[in-house]
Amino acid sequence: MLTESRNTAGDAPDASRRDEFVRLLRQTHGPIRACVATLVMDRAAVDDAFQEVCLILWERFDDFELGTSFRRWSCSVAYRVARDYWRRERRRRGYGLSEATLTKLATVQGGISEVLEMRRERLAHCMDMLSDSDRRLLREAYSSGESLVTVADRLGASVGSLYTRLSRLRARLERCIQRRSGGER
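The numbers in the sequence shown follow my numbering, run straight up by one, and end at 165.
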C-alpha cells in the first residue's frame, strides 16, 4: 500500500505529489514492466520484482526530478532490483546472469525502449492531426476489444469498407511517422 508523501514543510500529505506519481506510473506501467521482464526473465519472479520496483519508486519519488524521464528513472531502479535478484540466484543456485551480461541487456532494452517511446510520441502527434471521426474509428477498432464485425455492425458499415478505411488510416499514420522520423515537420 502506498503511503502518502509529505510536502516540503514535512507537515501534511502532499496529495498533488501522490497524484503525480500515480499518473506517471499509469503512463509508463507497460514499459517499466517490460524492462523488469527483460532483466529478470523468470516469469514467476517478474511480478515480485515489478512490485518491488514500484515500492522503491514510491519510496524514492521525492528524489525524482519532475520534467525528466520517469520511465528511464524507473528502469534504472529495475536494473538495480534485477541485479540484486541475479546475485541472490547465483548464491542460491550457483548460476545466473553476470553483472556484465545484465548491463548489456539493460543497454539494449533501454535503446529499444527509447525507439518505441519516440514512435509513440510521433504516433500521438500524427493521431492529433487526424479528424475526430478518424480517431474515434481507430479507437473503436483497436481499443474496444470488439471484433471488427461488431464494430462494423454498430457503425452500420460493411466489414470490407471498414478494413479499407482502417488500412488507409494506418498507411497515413505510417507516412506521418516516417516524415517525423526524417526530421520533416
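Cβ atoms here follow ideal geometry from the backbone N, Cα and C, with glycine treated the same way.
Note that the coordinates shown come from a computational prediction; the quantities given were computed from them, not determined experimentally.
At the C-beta level, V61 and A29 come within 8 Å of one another. CA-to-CA, the gap between A86 and R70 works out to about 19 Å. DSSP, read as helix, strand or coil, puts F41 in helix. Contact between L118 and L149 holds, with the beta-carbon distance rounding to 6 Å and staying under 8 Å. Per DSSP, reduced to three states, the secondary structure at M21 is coil, with no helix or strand assignment. In this structure, R160 and R102 form a Cβ contact; the two beta carbons are roughly 4 Å apart against a cut-off of 8 Å. In terms of CA proximity to I12, L37 leads the group L37, T130, L110 and W66. Along the stretch 94 to 138, the alpha helix (DSSP H) occurs as fully enclosed runs of 4 or more residues at 112 to 123 and 128 to 135, listed in sequence order. Counting along the chain, the unbroken alpha helix (DSSP H) around D64 starts and ends at F50 to R73.
The three-state reading of DSSP puts G10 in helix, counting H, G and I together.
Each of L35, A25, F50 and D108 was checked against the Cα of L4, and the nearest Cα belongs to F50. Judged by DSSP in its simplified three-state form, L146 adopts helix. Within a 10 Å sphere around the beta-carbon of L96 sit fewer than 16 other beta-carbons, which makes this residue exposed.
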